[in-house]
Amino acid sequence: MARTDRGRIVIISSPSGGGKTSICRRILTPARRRAGWTFSVSYTTRHKRPGERNGREYHFVESEAFARLIAKGFFAEHFQVHQYNYGTPRQPLEKVEQKGGTIILDVDIQGAFKLRQEYPDAIMIFVLPPSIAELRKRLKRRGTETAEQRRIRFERARQEMLAYDQFDYVVVNQELEVAAHQVLSIIEAHPCRIERVKKEQIRSIIGLA
Ligand code: 5GP
16 MARTDRGRIV
26 IISSPSGGGK
36 TSICRRILTP
46 ARRRAGWTFS
56 VSYTTRHKRP
66 GERNGREYHF
76 VESEAFARLI
86 AKGFFAEHFQ
96 VHQYNYGTPR
106 QPLEKVEQKG
116 GTIILDVDIQ
126 GAFKLRQEYP
136 DAIMIFVLPP
146 SIAELRKRLK
156 RRGTETAEQR
166 RIRFERARQE
176 MLAYDQFDYV
186 VVNQELEVAA
196 HQVLSIIEAH
206 PCRIERVKKE
216 QIRSIIGLA
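Heads up, this note's numbering is the position in the sequence shown plus 15, with the first residue counted as 1.
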């Protein structure tokens, strides 16, 4: 009945420390992966953090290689975020558009807005931390940045949070379990949105066709 066959592009965005990466990990269970859910693995020029694997969290590339990919039109969007380059490869999005499935993107706010222009049917979810104080704590606890890098991220995060009302949904990440459940519910319910449902099919159900 619903146009699930067209595939779902899910853009999850938040300020740094909002917790979107944990949510993405939580919802992409092996069972969902088998059912055609994938994660959009971005390209980045930043260094690998401990525990990250090339091709899993990101494709880690040098600046020159990144520039060559831009020139080839490889990216659906690319931006500089916190001094490094990040880009979403176009091909996995096109595949989902053509063949169906669900693709989850974890991108910054600039990337989310750029993607929306090209993929207006994308589901845009903004994840907020429960408070500014909690955000500051999370950035510190992560321990992956220097104090100066943290300060830059924090200031930027405050600015970015003002853009919440340009998204389709806002999820407050107080408790990971609850937030992940809300994100899943949003994705699952999307094919039932009135603008996604095929009118002819409904008319035939009602006996009007
Ligand atoms: P991190 O370096 O902490 O993994 O990510 C920094 C920021 O870059 C996060 O807000 C993350 O969502 C964002 N990001 C990751 N991949 C992409 C991408 O392909 N495009 C854009 N625009 N932002 C990205």
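Even glycine gets a Cβ: it sits at the ideal position worked out from N, Cα and C.
Contact check, residue i vs residue j under 8 Å by CB: the rounded distance?
i: Ser29; j: Tyr101; result: With 8 Å as the limit, Ser29 and Tyr101 do not qualify as a contact, their Cβ atoms being about 14 Å apart.
i: Thr103; j: Gly126; result: 6 Å
i: Phe81; j: Asp123; result: Between Asp123 and Phe81 the Cβ distance is about 16 Å, and since that is not below 8 Å, they are no contact.
i: Leu191; j: Arg41; result: 6 Å
i: Val193; j: Pro145; result: Incorrect: roughly 11 Å between the Cβ atoms, too far for contact.
i: Val142; j: Gly34; result: 6 Å
For residue i, collect the residues of the same chain with a Cβ closer than 8 Å to its Cβ; drop the 5 residues on either side in sequence, then sort them by chain order.
i: Ile138; result: Arg23, Ile24, Val25, Ile26, Asp183, Tyr184, Ile201, Ile202, His205
i: Val111; result: Gly22, Arg23, Ile24, Thr53, Thr117, Ile118
Return yes when at least one heavy atom of ligand 1 lies under 7 Å from the C-beta of residue i, else no.
i: Gly70; result: no
i: Gln132; result: no
i: Glu163; result: no
i: Gln98; result: no
i: Asp123; result: yes
i: Tyr101; result: yes
i: Arg156; result: no
i: Arg151; result: no
i: Phe141; result: no
i: Phe94; result: yes
i: Arg211; result: no
Residues in its own chain within less than 7 Å of residue i by CB, not counting five upstream and five downstream?
i: Pro107; result: Thr53, Ser55, Ile118
i: Glu210; result: none
i: Ala17; result: For Ala17, the predicted structure reports a pLDDT of 39, less than 50, and the residue's modelled location is therefore unreliable. The matter cannot be settled from this model.
i: Thr36; result: Asp121
Spatial neighbours of residue i within its chain, please: CB distance less than 6 Å, with the 5 preceding and 5 following residues excluded, ordered by chain position.
i: Val96; result: Asp123
i: Gln189; result: Pro145
i: Glu77; result: none
i: Lys63; result: Phe75
Subject >> Contained beta strand (DSSP E) runs [length at least 3] in the region 102-145, N- to C-terminal order >> reply: 117-122, 138-143
Subject >> Runs of alpha helix (DSSP H) wholly within the region 42-110 (minimum 4 residues, chain order) >> reply: 45-49, 78-86
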